[in-house]
Amino acid sequence: MSKAHRQYSFKFGRVFFPGEAQPIPSEIRFQPLGNHVGNVMALVKKWSKRDFPSESSFARVLEAAKIHDIGKPQRFEIQAKITKMSKFKEYTYSFRGHRYLAKCDKDAWAEALAIGHHDFSVEDICSQAYKLKKEQKYADILTKEPLAYARELYILEMCDQIEAELACRVFGDGNQADSRAFMDFTIAPDELDDTKYFIEPWIFEDLQPIELTFKSWVMQSNEIDKDGELKKCIQDGREEAIGKILDRIVKTWWQFHQGNSQESITKTITIQPYNSSIQAKIWTVEDFYQKLGGFQPNPMQKEMFEKIYNSHEDQHPAILLKSSTGSGKFESILFPALASSYRLILPLPARSLLEDQKQRTEDYLKKFSKLHPNREFSLVVDTGAQMYRQIYKNGEERKFRTSNSRRHLYKGDVILTTIDKFLYRYFAFGDKQKSFIFPLRINQEKTLICFDEAHSYDEISFTNFNSLVKSLYEAGRSIMLMTATMPSEYLKRFDYLEQIDYIEDSEKYHALQEFQEQTLKQDYPNKKSFEWINSIKRDSEHPEAYQNEYTQIILREWQTESQQKLIVVVERVQDAVEIYQKVKSDLNFSDRSSERFLFLYHGRIADQLRPNIYAEIQKRDSSNQPYLLITTSAIEVGCDLNAKVLISEICPPENLIQRAGRCNRKGNIHNAKVIAIGNSIPEFSNSLDENGWQIYQKTLESLSEFNAQKISECISVSEQVDDYRVIELFSMLHDYVYEADLTCKHAHEKGLIVTRSWTPSATLIYKDGCENPHKITVPVDRLIKNDENDFANTYVLERYYDRETTRFDERELGWGCAYSKDIVIEIHKNQEGAEIYDGKREYSYNPELGFVELPGIFIKLRSTNCDEKLLCKHTDRKSAIITYTKALKTKSD
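If you read the sequence shown in full-length UniProt numbering, its first letter stands for residue 1, the second for the next number, and so on.
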């Protein structure tokens, strides 16, 4: 009987491959598991006690840190990443499944933390919290603080991640340090001392430096491939096997050294806060505005600064701010948020506002970073299609659009997003792993959530908006609503918020007016003449006459003074395009000219083009160069433009006030004017009943000067009828994510959150051979077939995740619920040059004009139940039916 050999445990915490990736490493370093765990525990002990959600939290997190990696030795494995061409890319390592081996008989909560420390998904956190609530002592904690488990898990995760990034930097594996996922802190080495690191933000109990010692065992190059196995594998072209070979070599080497290599490295480092964190500056409102903006704050901005910056750390401001367009509401929130070190989240009602706010935020963050030398500040833009993070340091942008959402999930000083995507994040939709980081960061103490243009929501979007604001308020979050024109019917819903009113409060209103006239030297604040041309009527069957008359009014104004800034707003894309083409023809305008002044902007211009068009317009506006912009409501709210003339199709009073806010915005134009055209508001955009319309007409007829206050008195909406299904869905998602109610889990698993409409959307793409084809998003009910919209070379697909290839792919649209499908409609350019193909017209696409016509894709079927049904015919023999929920009430377009 042969003698049994002792097997030594692979007690590694982490593995490092210093230098460039190569198939035969020059050196491999192994951090002892005990060293890693000891450092993590040291960080837990130093963590700010105020950040722990309960008195018993610290002991649980410390115990979890002690046991969180206890299963690593059993699951250790060296692996190699291989390219598609079966070539070596880099080495990595795995402890797959080790977290499930963590055990703690004395504390089930600590064990749950250890098991959950590499996941942080909504599914895992809700499941663990649900199980813990079965024990009364844990149920009491979670009743008092529903996010207690998630907050403790976050502390454990961050201590683990901070230690990991430091270890990678200490042991020369910079690539691994840069790719650490889920990191909420920025670590930077001292340029003069390689044993010193700065960490931002500083979350530890006191401001004293923290000392950590890092150790590693070393496997030298002469031990790695002494038998030539790796070299032969490479020569034989079997690089796909190289990972398993190195894994066996490493494990044999470890057994040979009896679990304790003689070659080792020890290095002690310190982490400390930046000096600016230690010596926090106390700002006055005047000083901060002068430093960051170069101007004096107005009375409204002063009041908001006092409310936010000077609030006690245990107080959470909850304010509804009413102030006119162009009064500086954006700065009134951004400036005190930066001064107070808040994470500011700005959900906007539309993507069209993001570019404008992004540019302004960038400029301020660059200036702010100059006030804090060597510290990084960041802006996150989250549109759903892409999330990017831009970093500013010492007044400069460090990186342009780093795109790594797994590392920087809402890790920003300012986050610009849309209300739709914010709801999506609020309910932890997204990647399966790490998805709960969004609810956690939204609910952190130093987070301020500001809803700009809060008047922009109606029907389903208002129902969700109302539920969201109330939920955040009840959770004790810091929230702001900003509006210029919110109807009184809606204001009543937010009576629990402190209202600061610079419109209807006469004392505040006049104080703001006086400041604009005397301090800002605005000679003509809010001054603009008004004219309503109500003799023009639009015939929906024959709109050409209306378009011609509209064009003549535009040309008359432009030819009166061509060196001016003029904005034209109509309600329909088709009208905007026709008027644009007529104006372009009459002015003999060429868009190839270096002095482009004529612009078309609407929601059906390709996603890729709209930001650039708006940037050109804004550039001309800020440099006081003339332009003529023809647009729709896509550029209505929040856009910082200062035109001399606004020509608008007649629209509801709240919309007219918003549009007029782009005219003489800076109070420096003596002959600014607003012209309204048309004798009736289109039904699809009308918010007034018959009595309201009569009052509105009389008000407009009485005005020769634009008077926002008088027009605002006409704002009226029919009583908001909340769709009970939207309320119920919001409630179920909230109970699952924030209360760990697993009976509501099915609502989350469906992936459905109705943000604005029950009608799902599809992505419309024009394929002409370009690498980045133009696309827009369109509600599926806009794609119903008729006699005029059946185009050739149109394909209806759905995007899906192929688990075998681990990639997204496309296939023909199949049967089923539309909410669970990513519908893609491709319109291909006819490469044969024929205008008629297969008996159908070729789709005419001009990037300058956008997707003017929408293709007919679906046939609407009759339905007697609560679902809409759309038929898609791929061929005569192959079709699919998709379903979605009917709205309680619809408006015709």
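C-beta: ideal position from N, C-alpha, C; glycine also.
- The three-state secondary structure of residue 852, taken from DSSP, is coil.
- Fewer than three Cβ pairs drawn from the region 531 to 550 and the region 507 to 520 lie within less than 8 Å of each other, which leaves the two stretches out of contact.
- No Cβ-Cβ contact shorter than 8 Å links residue 583 with residue 649.
- The Cβ-Cβ distance between residue 445 and residue 614 does not fall below 8 Å.
- The DSSP assignment places 108 to 116 as complete runs of the alpha helix (DSSP H) inside the region 101 to 131, in order along the chain (cut-off: 4 residues).
- For residue 816, the secondary structure class from DSSP, reduced to helix, strand or coil, is strand.
- Using a Cβ distance threshold of 8 Å, residue 727 and residue 780 do not count as a contacting pair.
- Taken through DSSP and simplified to helix, strand or coil, residue 714 comes out as coil.
- Residue 98 and residue 115 have their C-alpha atoms roughly 8 Å apart.
- Minimum Cα-Cα distance from residue 532 among the listed residues 698, 426, 755 corresponds to 698.
- Following the DSSP letters along the chain, one finds residue 879 in no alpha helix (DSSP H) but inside the beta strand (DSSP E) bounded by residues 879 to 885.
- Looking from the CA of residue 653, the closest CA among 588, 695, 662, 625 belongs to 695.
- In this structure, the alpha-carbon of residue 378 lies about 16 Å from that of residue 292.
- With contacts defined as CB atoms closer than 8 Å, residue 395 and residue 366 qualify as a contacting pair.
- Exclusion of the five residues before and after residue 24 leaves 225, 230 as the residues of its chain whose Cβ lies within less than 6 Å of its Cβ.
- In this structure, the CA atom of residue 233 is about 20 Å from the CA atom of residue 20.
- Burial is judged here by how many other beta carbons sit within 10 angstroms of a residue's own beta carbon; residue 161 has at least 16 and is buried.
- Excluding the 5 residues flanking it on each side, residue 133 has same chain C-beta neighbours closer than 6 Å at 139, 142, in chain order.
- In the three-state DSSP reduction, residue 19 falls in the coil class, being neither helix nor strand.
- When C-beta atoms of the region 209 to 217 are compared with those of the region 64 to 71, fewer than three pairs fall below 8 Å, so the two segments do not count as touching.
- Between residue 286 and residue 296, the C-beta spacing is below 8 Å.
- Beyond the five residues adjoining it in sequence on each side, residue 188 comes within less than 6 Å, by CB distance, of 198 in the same chain, given in chain order.
- Residue 343: member of the beta strand (DSSP E) spanning 343 to 348, first to last residue.
- In the structure shown, the three-state DSSP call for residue 568 is strand.
- The beta carbon of residue 608 sits closer than 8 Å to those of 772, 774, 775, all from its chain and outside the five residues before and after it, given in chain order.
- Between residue 345 and residue 471, the alpha-carbon positions lie close to 16 Å from each other.
- Going by DSSP, residue 748 is part of the alpha helix (DSSP H) stretching over 745 to 749.
- Where residue 448 is concerned, there is no enclosing alpha helix (DSSP H), although the beta strand (DSSP E) around it starts and stops at 447 to 451.
- For residue 552 and residue 732, the gap between their C-alpha atoms comes out near 54 Å.
- Collapsing the DSSP output to three states places residue 696 in a helix.
- In terms of Cα proximity to residue 477, the closest of 28, 875, 450 is 450.
- When secondary structure is reduced to three states using DSSP, residue 580 falls in the helix class.
- Put simply, of 680, 557, 685 the residue whose alpha carbon is nearest the alpha carbon of residue 646 is 557.
- The DSSP-derived three-state label of residue 481 is strand.
- Contact between residue 796 and residue 874 holds, since their C-beta atoms are separated by about 7 Å, short of 8 Å.
- In this structure, residue 7 and residue 255 form a Cβ contact; the two beta carbons are roughly 7 Å apart against a cut-off of 8 Å.
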